[in-house]
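Take the position in the sequence shown, starting the count at 1, then add 205; the result is the number in the working numbering.
One structure is given here, and the rest of the page talks about it.
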Amino acid sequence: MQISIQDTLAERYTLNANPPSRPVQYMETVDAYDKWAEVYDTDNNFLQALDSIEMETLLPDFLTRVQSSQHRNDEALKLIDLGCGTGRNTLRLRELCPARVQMIGLDNSRGMLDVARKRLQVQEEKDPIEGDRARVLLDVYDLLQSPPAPPTCAIGALGVISTLVLEHIPVEMFFEGASALLAPGGLLLVTNMHSEMGTISQAGFVDVATGMKIRPTSYNYTVEEVIQAARRTGLEVVGDEAVKEKAVDENMLEVLGPRAKKWVGVKVWFAICFRKKE
206 MQISIQDTLA
216 ERYTLNANPP
226 SRPVQYMETV
236 DAYDKWAEVY
246 DTDNNFLQAL
256 DSIEMETLLP
266 DFLTRVQSSQ
276 HRNDEALKLI
286 DLGCGTGRNT
296 LRLRELCPAR
306 VQMIGLDNSR
316 GMLDVARKRL
326 QVQEEKDPIE
336 GDRARVLLDV
346 YDLLQSPPAP
356 PTCAIGALGV
366 ISTLVLEHIP
376 VEMFFEGASA
386 LLAPGGLLLV
396 TNMHSEMGTI
406 SQAGFVDVAT
416 GMKIRPTSYN
426 YTVEEVIQAA
436 RRTGLEVVGD
446 EAVKEKAVDE
456 NMLEVLGPRA
466 KKWVGVKVWF
476 AICFRKKE
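So this is what it looks like as structure tokens:
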């Protein structure tokens with residue numbers, strides 16, 4: 206009998222599950238993230254930690270690509286963090302970008318945006334806009350609306366990042382919504398949970414008040430499915446090495462935390478860079 210990698214991973218996950226499984230409540234994504242916002246930055250989610258580590262190199266490389274493709278030097282460079290959540294990568298972008306950049310964080314969870322707004326206020330107090338930092342605008346954008354209706358200020362971006370968002374959106378709608386933000390020739394950097402992990406797990410958090418595991422709507426996509434969906438909306442993969450996949454190894458456990466231990470040897474994360482056809 207042939208044993209698939211999914212069977213093997215599922216067995217490992219079951220044998221190493223700790224603590225015992227909790228009662229689960231499934232919620233619409235926006236409602237779940239509104240509740241998650243209070244603890245999102247403090248609940249030791251190792252996938253977020255891994256994403257932040259990888260973005261330390263991906264973001265500067267992405268910005269270099271975007272700036273090199275900029276063809277309207279008389280206009281401010283517009284960058285968007287799509288599904289910005291609590292502003293984890295929005296703040297990092299602000300640190301990397303000069304003041305001339307127009308930066309916008311978009312999300313459909315007002316709870317997440319409230320936290321992001323507070324974090325931005327703290328950062329701006331420490332590092333005033335009058336220096337060499339970009340000003341950040343936060344706004345609401347529903348990726349589940351078709352046809353997409355982005356805020357007017359967010360249209361025509363030359364660079365869009367979207368980290369750990371795709372899991373919660375039908376893949377065609379995600380790329381339709383992302384493409385609506387991009388100017389022709391603009392770049393889109395996407396990170397997401399890898400399908401090896403998604404086969405046996407999904408995003409979620411524990412509601413401290415009830416002890417209930419809250420899970421938003423979740424979809425599991427392979428890298429190839431993501432690439433094909435992007436192509437159907439006029440987005441092409443950038444370069445031969447534009448796809449990056451990451452598995453957990455034991456050397457990473459000290460940084461990622463104990464929740465990553467049962468995922469050693471499993472691909473849990475990927476990143477792809479796309480360009481909108483001109």
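Using N, Cα and C, we set each Cβ at its ideal position, and we do this for glycine too.
Quick caveat: nothing in here was measured; it's all calculated off a predicted structure.
Bridge partners - F479, DSSP secondary structure assignment: L393, V442
Near P265, which residues of its chain fall below 8 Å by C-beta distance, leaving aside the five closest residues on each side in sequence? L301
Grouping DSSP H, G and I as helix and E and B as strand, with all else coil, what is V473? strand
Using C-beta distances below 8 Å, list every residue in its chain close to A215, excluding the 5 sequence neighbours before and after it, in chain order. Bear in mind that a pLDDT of 41 at A215, under 50, signals an unreliable position, so the model cannot answer this.
What is the rounded straight-line gap between the Cα of R305 and the Cα of Y231? 42 Å
Does V413 come out as helix, strand or coil in the three-state DSSP assignment? coil
What's the call for K472, buried or exposed, on a 16-neighbour Cβ count within 10 Å? buried
Cα-Cα separation, I477 to A242: 26 Å
Beta strand (DSSP E) containing M308: first to last residue? 307-312
Continuous beta strand (DSSP E) assignments of at least 3 residues falling wholly in the segment 339-412: 340-345, 362-368, 387-398, 410-412
Run the proximity test for A383: is its beta-carbon closer than 7 Å to any non-hydrogen atom belonging to the ligand FAD? Among the components modelled here there is no ligand, and therefore nothing to report on the ligand FAD.
For K466, I'd like the list of residues in its chain whose CB is within less than 7 Å of its CB, leaving aside the five on either flank, ordered along the chain. L458
Between which residues of its own chain and Q207 is the CB-CB distance below 7 Å, once the five residues before and five after are set aside? Low confidence applies here, because Q207 scores a pLDDT of 32, under 50, leaving its location unreliable and the question unanswered by this model.
What number of angstroms, rounded off, separates the C-alpha of L363 from the C-alpha of E330? 28 Å
So, using beta-carbon positions, are R299 and Q272 closer together than 8 Å? no
Given a cut-off of 8 Å, decide if A388 and P500 are closer than it, judged by their beta-carbon atoms. Residue 500 falls outside the range modelled here, since the chain spans only 206 to 483, and no answer is possible.
Would you mind sorting E233 into buried or exposed? The rule is 16 or more other CB atoms within 10 Å of its CB. exposed
Taking the C-alpha atoms as reference points, what is the distance between K418 and F410? 6 Å
Applying the criterion that 16 or more other CB atoms from any shown protein chain within 10 Å of the CB defines a buried residue, is R293 buried or exposed? buried
Could you tell me whether the segment 433-451 touches the segment 375-382, using the rule of 3 or more Cβ pairs below 8 Å? yes
Work out the CA separation of L284 and P224 for me, nearest whole Å. Reliability of the predicted coordinates at P224 is poor, the pLDDT of 46 falling under 50, and the value obtained from them is presented with this limitation in mind. Going from the Cα of P224 to the Cα of L284 covers about 41 Å.
Got a sec, what are the start and stop residues for the beta strand (DSSP E) E450 sits in? 448-452
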